[in-house]
Structure formats: structure tokens, C-alpha cells
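Since the structure comes first, as C-alpha cells, the remarks are kept for the end.
Numbering (my numbering), first residue to last: 7 to 142.
What follows is the structure, encoded as C-alpha cells:
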């Protein structure tokens, strides 16, 4: 599945499309270059799921928790971790296997810990305003 996004307004539709297409999935891995829009897309996914609070990248805290109409949502950013042991140290399993939505930025930093059933979202930069979102 591929979605072309030309404006930030398109992100809301893209987020709803993804959630409708994968209604039972809870673990989403976001891949893309720095600045591709991973955090921004997660913001729109959270809005579609009923998060009222402000969302932001958990770069320094590793995980942010948001309250939503669908229960807790966990937003991870593994960019700054040095190795998979750090994910073990904060108890990643409690989050990944909780049944809650988990949106994971920089999953390539923890390849051996990722659930097999997780959906991959690849965001590619086409130009300054356009992104291609590929879901596998």
C-alpha cells in the first residue's frame, strides 16, 4: 500500500486510511530519513485515535504515553539508544505486548526486539513538500 502526501492536510487522510486498513494491528514501525516526517505522521495517527494532548518526539525520554479514546498510546524514539540492552532496561516488552498502540521511530536500532506482526511504514522524501508513505 502506498500513499502520496502533498500537504500536511493530506496526512490526516493518510492516517485514517492506515488505521482503517489495519484495524487490529497495534505495532507500527516508522522508517525514514531524519526530517522525513515520522513524528508528524504519528501526530496525525494520534489525532485519528482521539488523543487530545499535544504530541512530541520522545527523543530524550525514549517513550511518550498519550491518553486516547482507544486507551494508552505509546510513542517511541530509539534514535539515541546505543544498543538493544537499553530497550530491555526500560522494559520495552511491557509496552509492545500490552495490546496498546505503539508507534516506533528508528526501529532499525532494535531489530531483534521487534514483533513479527508489526506493520512497517516507510516514509520517503520526494521533494520539499511531498512524501511517499509505503506500508508493508
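Even for Gly, the Cβ is constructed at its ideal location relative to N, Cα and C.
- Residue 125 is bridged by DSSP to 34.
- A check of alpha carbon separations from residue 20 across 39, 32 and 47 identifies 47 as the nearest.
- For residue 50, the secondary structure class from DSSP, reduced to helix, strand or coil, is helix.
- Distance between residue 29 and residue 54, taken at the CA atoms: about 12 Å.
- In the DSSP secondary-structure assignment, residue 141 is bridged to 127.
- It is roughly 5 Å from the alpha-carbon of residue 68 to the alpha-carbon of residue 83.
- Counted as a single uninterrupted DSSP element, the beta strand (DSSP E) harbouring residue 70 occupies residues 69-72.
- If the five residues before and after residue 107 are omitted, its C-beta is found closer than 6 Å to the C-beta atoms of 32 and 79, all from its own chain and listed in chain order.
- Residue environment: residue 93 is assigned as buried (16 or more neighbouring CB atoms within 10 Å of its CB, all protein chains considered).
- Using a Cβ distance threshold of 7 Å, residue 128 and residue 109 do not count as a contacting pair.
- In this structure, residue 44 lies away from residue 114, with their beta-carbon atoms at least 7 Å apart.
- Taken through DSSP and simplified to helix, strand or coil, residue 80 comes out as strand.
- Between residue 89 and residue 72, the C-beta gap is not smaller than 7 Å, which leaves the two residues out of contact.
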